[in-house]
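Note sheet for the following structure.
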Amino acid sequence: MTSILLCAPDAEASMLASDLELEGVDVRRLDASELTAAALDGADALLIAPTRSTLTAELIGACDRAGVRVLPVGEADTRLATRFGLPAPLPYGTSAAQVLRALAAGSPGAPTGRPSRVIAVWGPHGAPGRSTIAVQLAVELSRAGRRTALVDADSVAPSLALVLGLGEDAPGLAAACRRAELGTLDVAELSRLSSPVETSGGTLEVLSGLNRPSRWPELGAGRVRATLAACRSWTDETVVDVAAELDADDDGLDPGAPARHAATAAALLEADAVVAVLSADPLGVSRFIRAHAELRHVLGGTPVTVVANRVRPGPLGIDARGQIRRTLDRFAGIDDVAFVPEDQRAADAAALHARAIADVSPRSPLVTAVRRIASSLGARAETATAGSSRGSSRVARRLR
12 MTSILLCAPD AEASMLASDL ELEGVDVRRL DASELTAAAL DGADALLIAP
62 TRSTLTAELI GACDRAGVRV LPVGEADTRL ATRFGLPAPL PYGTSAAQVL
112 RALAAGSPGA PTGRPSRVIA VWGPHGAPGR STIAVQLAVE LSRAGRRTAL
162 VDADSVAPSL ALVLGLGEDA PGLAAACRRA ELGTLDVAEL SRLSSPVETS
212 GGTLEVLSGL NRPSRWPELG AGRVRATLAA CRSWTDETVV DVAAELDADD
262 DGLDPGAPAR HAATAAALLE ADAVVAVLSA DPLGVSRFIR AHAELRHVLG
312 GTPVTVVANR VRPGPLGIDA RGQIRRTLDR FAGIDDVAFV PEDQRAADAA
362 ALHARAIADV SPRSPLVTAV RRIASSLGAR AETATAGSSR GSSRVARRLR
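Residue numbers (this note's numbering): 12 to 411.
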């Protein structure tokens, strides 16, 4: 039986409670002072009048931890509900059936056309520009008419909230992972937990990362994979920014123990395509070649697009692109590389305004290069199968 908490002082709320009970719902009416963690335990949803005295960040956080859906009702502060990522309040006259549909409904604009995808953006140590490429790639996929989500699964140095000027108190990926573990993560919940960001390419739904790297155990492998699987029903494209480190495969470790970099490996295994970013300098190329073998070992047959970022003549001479091509071909067997030129002025402007580079410098050669990468990924998706290949490594088997 569905269990719903109702926190609304108006007399009309009594009629709504009666209608819900006629639909077979277990309804408990509570005052704001009674909304404790213990009261939330076992509830499926909370119907609440969104007033400043009742709807608080602490309550939303408690609901996230308990896996309780929140739905505003009554004539109250619509702006307050919006601030917490909640839908507009339903009038008390709404029928019980409509309330139940609202609790179960997905967001509008469900993905159509070619299958939805998860695209992981990875790169070795040394800050090759994973987050920059992830943000810009998401903008260009959105510009192409694909509803796009941007997920920060970097458990070492999460940065998308800072890059896009978002608050660090958003529930984001950690809350989505908790819901996924409880089996209550759906399209509506993903929309509520995310932060919409308006860009020149369209609206991005952003699941921000951890506000403290010490919280990495919250991003367990099973949780991350379940969340990304749910994202396939939420948006057409899910771009995931991950950390550099792949979990070491140590048979001496307790298989049930949390793995420090499980989020990265889980996102790579769930991905339908991987964008592997290297920094276009001697050290960056060397680091990439050393890490690429382990990446391929984890991924198996998942397609990888290699991107050389910050290409400039300085550290590699005049023929920087040729140097990179020949080195990757000789030492890693990579014969297809996309190049993104350095544009420090555009990158600085984006950092200053906490916006995507395409928003502040739309004619930047960097933007043009990433747009070509997005187009190539789209063309590849037209001929690819809907399912992604999974790695056959010990890391893959351990995560599964």
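All residues carry an ideal CB built from backbone N, CA and C; glycine is no exception.
Fair warning: this is a prediction, and the values are worked out from it, not measured in the lab.
* Asked: Using the rule of at least 16 other Cβ atoms within 10 Å of the residue's Cβ for burial, across every protein chain shown, is LEU193 buried or exposed?
  -> Translated into the one-based positions of the sequence shown, residue 193 becomes position 182. That one is exposed.
* Asked: Buried or exposed: LEU264, going by 16 or more other Cβ atoms within 10 Å of its Cβ?
  -> Working through the sequence shown from its first residue, we reach residue 264 at position 253. Legend: pLDDT at LEU264 = 42, less than 50; position of this residue unreliable, no value from coordinates given.
* Asked: Rounded to whole angstroms, how far is the Cβ of ALA131 from the Cβ of ALA282, which I believe are closer than 8 Å?
  -> Within the sequence shown, the letter at position 120 stands for residue 131. Within the sequence shown, the letter at position 271 stands for residue 282. 4 Å between Cβ atoms; contact.
* To do: Note down the Cα distance separating GLY186 from THR238, rounded to an integer number of angstroms.
  => Translated into the one-based positions of the sequence shown, residue 186 becomes position 175. Translated into the one-based positions of the sequence shown, residue 238 becomes position 227. A small correction: the amino acid at residue 186 is Ala; Gly does not occupy that position in the sequence shown. If I take the Cα positions, the gap works out to 10 Å.
* Taking the CB atoms as reference points, tell me whether TRP153 and GLY212 lie closer together than 9 Å. => Here residue 153 is taken as the residue at index 142 of the sequence shown, counted from 1. Here residue 212 is taken as the residue at index 201 of the sequence shown, counted from 1. Residue identity differs from the one stated: residue 153 is Ser in this sequence, not Trp. Yes; because the gap between Cβ atoms is below 9 Å, this pair is in contact.
* What are the start and end residues of the alpha helix (DSSP H) that includes PRO207? -> The residue labelled residue 207 in the question sits at position 196 within the sequence shown. It is not in any alpha helix (DSSP H) - PRO207 instead sits in the beta strand (DSSP E) that spans 206 to 210.
* Asked: Does DSSP put PRO352 in a helix, a strand or coil?
  -> For this step, residue 352 is matched to residue 341 along the sequence shown. In the structure shown, PRO352 sits in a strand (DSSP, three-state: E or B).
* Neighbourhood of THR195 by C-beta distance below 6 Å, restricted to the same chain and skipping five residues each side -> Position 184 of the sequence shown, counting from 1, holds the residue named residue 195. Once the five neighbours on either side are set aside, the close Cβ partners of THR195 are GLY78.
* Asked: For the beta strand (DSSP E) that PRO464 lies in, which residues bound it at each end?
  -> Residue 464 lies beyond the range of the chain shown here (12 to 411); nothing can be said about it.
* **SER244 in three-state terms, based on DSSP** => Residue numbering aside, residue 244 sits at position 233 when the sequence shown is read from its first letter. It is coil, neither helix nor strand.
* To do: Tell me whether GLY233 sits in a helix, a strand or coil according to DSSP, three-state version.
  => As a position in the sequence shown, residue 233 is number 222, starting the count at 1. Of the three classes helix, strand and coil, the one that applies to GLY233 here is helix, per DSSP.
* To do: Buried or exposed for CYS18, please, with buried defined as at least 16 other CB atoms from any protein chain shown within 10 angstroms of its CB.
  => Along the sequence shown, one-based indexing puts residue 18 at 7. Burial call: buried.
* To do: Using only alpha-carbon positions, find the residue among ARG234, LEU215, ARG332, ILE300 that is nearest to LEU280.
  => Your numbering for residue 280 matches position 269 in the sequence shown. Selected option, being the one with the closest Cα: ARG234.
* Asked: Taking all protein chains shown into account, do 16 or more other C-beta atoms lie within 10 angstroms of the C-beta of PRO269, making it buried, or fewer, making it exposed?
  -> Locating residue 269 in the sequence shown gives position 258, counting from the first residue. PRO269 comes out exposed.
* **ILE329 versus ARG321 - alpha carbon distance** => The residue you call residue 329 lines up with position 318 of the sequence shown. The residue you call residue 321 lines up with position 310 of the sequence shown. Approximately 14 Å between the Cα atoms of the pair.
* **Unbroken beta strand (DSSP E) run spanning SER297, endpoints** => The sequence position of residue 297 within the sequence shown is 286, counting from 1. Note, SER297: premise wrong, no beta strand (DSSP E); alpha helix (DSSP H) at 293 to 310.
* Where does HIS364 land, buried or exposed, given buried means 16+ other C-beta within 10 angstroms? -> Walking along the sequence shown from the start, residue 364 turns up at place 353. It is exposed - the Cβ of HIS364 has fewer than 16 other Cβ atoms within 10 Å.
* What span of residues does the beta strand (DSSP E) with SER213 cover, start to end? -> Here the question's residue 213 lines up with position 202 in the sequence shown. The sequence shown places Gly at residue 213, not Ser. GLY213 -> beta strand (DSSP E) spans 213 to 218.
* Cβ neighbours of VAL251 in the same chain (closer than 6 Å, five flanking residues each side left out) -> Residue numbering aside, residue 251 sits at position 240 when the sequence shown is read from its first letter. Once the five neighbours on either side are set aside, the close Cβ partners of VAL251 are ALA131, VAL162, ALA164, ALA278.
* To do: Tell me whether GLN355 is buried or exposed, calling it buried when 16 or more other Cβ atoms sit within 10 Å of its Cβ.
  => As a working mapping, residue 355 is identified with position 344 in the sequence shown. Flag for GLN355 reads exposed.
* Proximity winner among VAL371, GLY325, ARG271, VAL253, relative to ARG141 (alpha-carbon distances) -> Within the sequence shown, the letter at position 130 stands for residue 141. ARG141 has its Cα closest to that of VAL253, out of VAL371, GLY325, ARG271, VAL253.
* Asked: To the nearest angstrom, how far is it from the Cα of ILE345 to the Cα of ARG336?
  -> By 1-based counting over the sequence shown, the position of residue 345 is 334. By 1-based counting over the sequence shown, the position of residue 336 is 325. ILE345 and ARG336: Cα-Cα distance of roughly 8 Å.
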